[in-house]
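K.L.:
In the working numbering, each residue's number is its place in the sequence shown (first place is 1) plus 222. Ideal placement from N, C-alpha and C gives every residue a C-beta, glycine not left out.
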Amino acid sequence: MDKLKSLLLPLALVFAALAVFETGGRYGATNMRAHAIAGELAFPLSVYAQGQGKMDTQSLEIIASVIDNGIAAGAMHRQVWYLNKDAKASLDKVLAHAFSIRGDKVANRITSASEQEGIDTATKERLAKVLAAVMEAKAELAVITPADTEKVAAEEVE
């Protein structure tokens, strides 16, 4: 028993270090993922906005589906409670721009996907969560303009 007692403190320290490392890794990865989603969504948004009158309908629909997937991913990701302010501001800026371009079409696409026949209950529940996240993000970002988001980010840097 004495040998076991002498091992408990080093073992507890090792597990504590692992827990701290895992928490830090998860926090950093989540914030980098938010920046990545924002970066990945910016390019299709600019292509979609510039190609509205110049591209055929099928190409615009493909780009719109990429944008809608990015909006859904961003809306779900912004619900993470430990997302830092810079990452959330970056994500909010791009999502606000995406909502101004796509409008209600994102919610309509998710709703129509969940109403298709042959979808199991788990997928329908997941789509309902995604739709709720998109609607929440849209409601929260309706009052935030991209200029306001940049101003908030600049104030946080200072």
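1) Going by Cα to Cα distance, which pick from 257, 284 and 279 is closest to residue 315?
2) Counting C-beta neighbours from all protein chains within 10 Å, is the total for residue 381 16 or more, i.e. buried, or is it exposed?
3) What three-state label does DSSP hand residue 302 in the structure shown?
4) Hey, is the segment 267 to 285 in contact with the segment 326 to 336, meaning 3+ C-beta pairs nearer than 8 angstroms?
5) Near residue 217, which residues of its chain fall below 7 angstroms by C-beta distance, leaving aside the five closest residues on each side in sequence?
6) Give the DSSP-derived three-state secondary structure of residue 224 in the structure shown.
7) Quick test of your reading: residue 263 and residue 292, contact by CB under 8 angstroms. State the CB separation rounded to the nearest angstrom.
8) What are the start and end residues of the alpha helix (DSSP H) that includes residue 347?
9) Is it buried or exposed for residue 248, if we count other Cβ within 10 angstroms and need 16 for buried?
10) Check whether the Cβ atoms of residue 330 and residue 253 lie closer than 8 angstroms to each other.
11) My understanding is that residue 294 touches residue 352, with C-beta atoms under 8 angstroms, so please give their C-beta distance in whole angstroms.
12) Give the straight-line distance between the Cα atoms of residue 273 and residue 328, rounded to the nearest whole angstrom.
13) Taking only the alpha-carbon atoms, compute the straight-line gap between residue 442 and residue 234 and give it to the nearest angstrom.
P.N.:
Reading off the structure:
1) Numbered from its first residue, the sequence shown carries residue 315 at position 93. Among 257, 284 and 279, the Cα nearest to that of residue 315 belongs to 257.
2) The chain is shown from 223 up to 380; residue 381 falls before or after that span and cannot be answered.
3) To locate residue 302, count along the sequence shown from 1; it is residue 80. Here residue 302 carries a coil assignment [DSSP, helix/strand/coil].
4) Because the criterion of three Cβ pairs below 8 angstroms is not met, the segment 267 to 285 and the segment 326 to 336 do not touch.
5) Nothing about residue 217 can be read from this structure; the chain reaches only from 223 to 380.
6) The residue labelled residue 224 in the question sits at position 2 within the sequence shown. Helix.
7) The residue you call residue 263 lines up with position 41 of the sequence shown. The residue you call residue 292 lines up with position 70 of the sequence shown. With 8 angstroms as the limit, residue 263 and residue 292 qualify as a contact, their Cβ atoms being about 4 angstroms apart.
8) Mapped onto the sequence shown, residue 347 falls at position 125. Unbroken alpha helix (DSSP H) run through residue 347: 343 to 363.
9) Counting from 1 along the sequence shown, the entry for residue 248 is found at position 26. With fewer than 16 other Cβ atoms within 10 Å, it is exposed.
10) For the purposes of this step, residue 330 is identified with residue 108 of the sequence shown, where counting begins at 1. For the purposes of this step, residue 253 is identified with residue 31 of the sequence shown, where counting begins at 1. No. Outside cutoff.
11) Here the question's residue 294 lines up with position 72 in the sequence shown. Here the question's residue 352 lines up with position 130 in the sequence shown. With a Cβ gap of about 5 angstroms, residue 294 and residue 352 count as contacting.
12) Walking along the sequence shown from the start, residue 273 turns up at place 51. Walking along the sequence shown from the start, residue 328 turns up at place 106. Each residue's Cα considered, the two are about 19 angstroms apart.
13) Nothing about residue 442 can be read from this structure; the chain reaches only from 223 to 380.
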